[in-house]
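Protein chains in written order, with my numbering: chain A, 1 to 292; chain B, 1001 to 1292. Here a beta-carbon is modelled for each residue, glycine too, at the ideal position from N, C-alpha and C.
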DNA sequence: CTCATGACATGCATTTTTGCATACTATGTC
DNA sequence: GACATAGTATGCAAAAATGCATGTCATGAG
């Protein structure tokens, strides 16, 4: 009956291979050496007697059977994370591992204070903060709680709106003064990815404007603005917390809300609840910094 | 993120522990040493930070978390066997592993001929025959095809009725002659488990009867009957193939049908189809041996 | 009470798995 | 065409998992 050696973990390797595309990437995600991934895949193939990947010059390409294996392995992963969630839900202790994710700049500007308060109240909690703009998969439990800039929690998650937001134009004090003094001079915009021209709403009062430079990262935009290189559009909270001066070039614009979201099963768990007890009052108290 | 070492196989150990009740039994089923099962469980507990089993003097007893883990692991197992089935279904070759299960005595009396024919036609197939009265779990893919004595394929399986059956009373030639000669003498019955008296229908014509001995195994009943120890009720095919003489003590009685059953996904696969092509003609040709 | 049995724990030697260093092959850049 | 890069293969030594032998503890039979 059980000639086959255990191979659930081999299927996991197949899943990660399909998901990440190369041995190296899969290995990184699995936190093992890529050699191991190759061998696990080979084992799985032997165990099932099927070729799961074709070894082409450009790398491993999944066969139909390989895709099917990954599909079923994904179900296995769902069950496994389901178990993890059930444990997290049942865990009423305010201690042990707890992970949150949020955009870097929001952490730097505000959440760091919430985190400090939370850890002060609950020193037993081993908090992991994943500062990332990437949308981590909460279903897969890449984090317990996410603070996201989005319109809604999304289909499969539950959440709570923390605050509304606006964007506005900011510049260094020096640049701000210059603009005030000589409003007719050319406005140098610091753009974010895919901007090709200055925002329309700004052209009414300051038609003499151009995109001076562009970045794909908001930290870079922020740095350039602080260095006095020009005017940038950014969330109100960011400009303010960075010590920039709001300039009237672009009037405040509505922007995406900030939400705290979690998986349905986790939302009411002890540690998430405790974190929310720090989070909500903080945002209530600081709501003014997010809007004009 | 992935501090946890891979642990899907550890969950499998938990599942088997819950299913089989002791380290030794789980280990046997997993085909590993029981020490390994204990260590896997310990690893899983560490990895999830939860006690899955309580170590009581009478052995491991699953905690709520342990039962939950087993439940989720069962879902993982379902996904895994689902993949195996998909492979089997897609496998159009008439070669490689193929397993069937059937009651021992039916194999000995008839199926051995079907098997011989099948292997003659398809010598590349590596056939495993699991002769067992236990109902193997075809969902879990303990066998690809089962020949069963039952009323219907069951909820989750599909199948085909091979033949009806009757039981009757059989005895050795010598005993049969004695009964014919002296019908009024005491009839010694050889009973099967839980029989407490001779079958009612036999008492009308042969009221002078008693249960002489009882077995819990039909092979034993058969042996005792062949040894001339008495009369036994058994499936018609069995008495006939064993060279026993049918005696009129108990007239033929309706008995459970014989079915070939398989998982829905496997039923139409190449090897199952090929086997059925031997099986159905055989039962058509030998139908008379199962009924009066 | 003794003995046999079943269930588990543990130390140690062995086998297996893993990681590392190195080699190989395509692709694309200058 | 030299060179850097991405992706994979492989031999070998280190690390980890496994099996085995032995020991403990409770239970039940005689």
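| Check | Outcome |
| --- | --- |
| For residue 1001/B, does the three-state DSSP call read helix, strand or coil? | Below a pLDDT of 50, predicted positions are generally treated as unreliable, and residue 1001/B, at 39, falls in that range; the measurement from the model is reported next regardless. The answer is coil: DSSP assigns residue 1001/B none of H, G, I, E or B. |
| When we look at the beta-carbon of residue 200/A and count the other beta-carbons within 10 Å, is it buried (16 or more) or exposed? | exposed |
| Starting from the C-beta of residue 1254/B, find all residues in its chain whose C-beta is less than 7 Å away, skip the five residues before and the five after it, and write them out in chain order. | 1166 |
| What are the boundary residues of the beta strand (DSSP E) that residue 1020/B is part of? | Taken as a continuous stretch (DSSP letters only), residue 1020/B belongs to no beta strand (DSSP E), being part of the alpha helix (DSSP H) at 1008–1020. |
| Below 7 Å between beta carbons: does that hold for residue 68/A and residue 101/A? | no |
| Figure out for me which residue from 1074/B, 1009/B, 1203/B has the closest Cα to the Cα of residue 1183/B. | 1203/B |
| With residue 1321/B as the anchor, note down where its alpha helix (DSSP H) starts and where it stops. | This structure gives no information on residue 1321/B, because the portion of chain B shown stretches from 1001 to 1292. |
| Name the chain B residues whose beta carbon is nearer than 8 Å to that of residue 89/A? | Within chain B, no residue comes near residue 89/A; the closest Cβ sits about 11 Å away, beyond 8 Å. |
| Answer with buried or exposed for residue 1093/B, where buried requires no fewer than 16 other C-beta atoms within 10 angstroms of its C-beta. | exposed |
| Put residue 1293/B into one of helix, strand or coil per three-state DSSP. | Outside the shown range of chain B, which is 1001 to 1292, sits residue 1293/B, and nothing can be said about it. |
| In this structure, does DSSP put residue 249/A in helix, strand or coil? | coil |
| Mark residue 4/A as exposed unless 16 or more other C-beta atoms lie within 10 angstroms of its C-beta, in which case mark it buried. | Reliability of the predicted coordinates at residue 4/A is poor, the pLDDT of 48 falling under 50, and no value is obtained from them. |
| Between 207/A, 216/A, 123/A, which has its C-alpha nearest residue 195/A's C-alpha? | 216/A |
| Identify whether residue 1291/B lies in helix, strand or coil by the three-state DSSP scheme. | coil |
| Please report how far the alpha carbon of residue 54/A lies from the alpha carbon of residue 46/A, in whole angstroms. | 14 Å |
| Tell me the DSSP bridge mates of residue 166/A? | 254/A |
| Can you give, in chain order, each stretch of the beta strand (DSSP E) that sits fully within the segment 95–172 of chain A and has at least 3 residues? | 96–102, 125–131, 145–149, 157–171 |
| Determine, using beta carbons only, whether residue 75/A comes closer than 7 Å to chain B. | yes |
| Please check if any C-beta of chain A sits within less than 7 Å of the C-beta of residue 1068/B. | yes |
| For residue 1096/B, go through chain A and note every residue whose CB falls closer than 7 Å to its CB, in chain order. | 49 |
| Taking all protein chains shown into account, decide if residue 1001/B is buried (16 or more other Cβ within 10 angstroms of its Cβ) or exposed. | Low confidence applies to residue 1001/B: its pLDDT is 39, below 50, so where it sits in the model is not reliable, and the reading given next is rough at best. Burial call: exposed. |
| Which residue or residues does DSSP assign as beta-bridge partners of residue 55/A? | 60/A |
| What separation, rounded to the nearest whole angstrom, lies between the Cα atoms of residue 113/A and residue 281/A? | 12 Å |
| When DSSP labels each residue in this structure, what does residue 220/A get in the three-state scheme? | helix |
| Could you tell me the boundaries of the beta strand (DSSP E) in which residue 233/A lies? | 231–235 |
| Comparing alpha-carbon positions, which option in 250/A, 228/A, 224/A lies nearest residue 236/A? | 250/A |
| Using beta carbons (cut-off 7 Å, strictly below), is residue 1016/B in contact with chain A? | no |
| Between the Cα of residue 1134/B and the Cα atoms of 1111/B, 1104/B, 1082/B, 1283/B, which residue gives the shortest distance? | 1104/B |
| By the three-class DSSP mapping on this structure, what secondary structure does residue 260/A have? | strand |
| Tell me the DSSP bridge mates of residue 1191/B? | 1214/B |
| Just verifying my parser: in three-state terms, what is the DSSP assignment at residue 1197/B? | coil |
| Measure from the C-beta of residue 140/A to each C-beta in chain B and report whether the shortest distance is under 7 Å. | no |
| I need the straight-line Cα distance from residue 1139/B to residue 1009/B, nearest angstrom please. | 20 Å |
| If you follow the alpha helix (DSSP H) that residue 1045/B is in, where does it begin and where does it stop? | 1034–1048 |
| Would you identify the three-state DSSP class for residue 1281/B, choosing helix, strand or coil? | helix |
| Report back the beta-carbon spacing between residue 326/A and residue 231/A to the nearest angstrom; my notes put them in contact at under 8 Å. | With chain A represented from 1 up to 292, any question about residue 326/A goes unanswered, as that position is not in the structure. |
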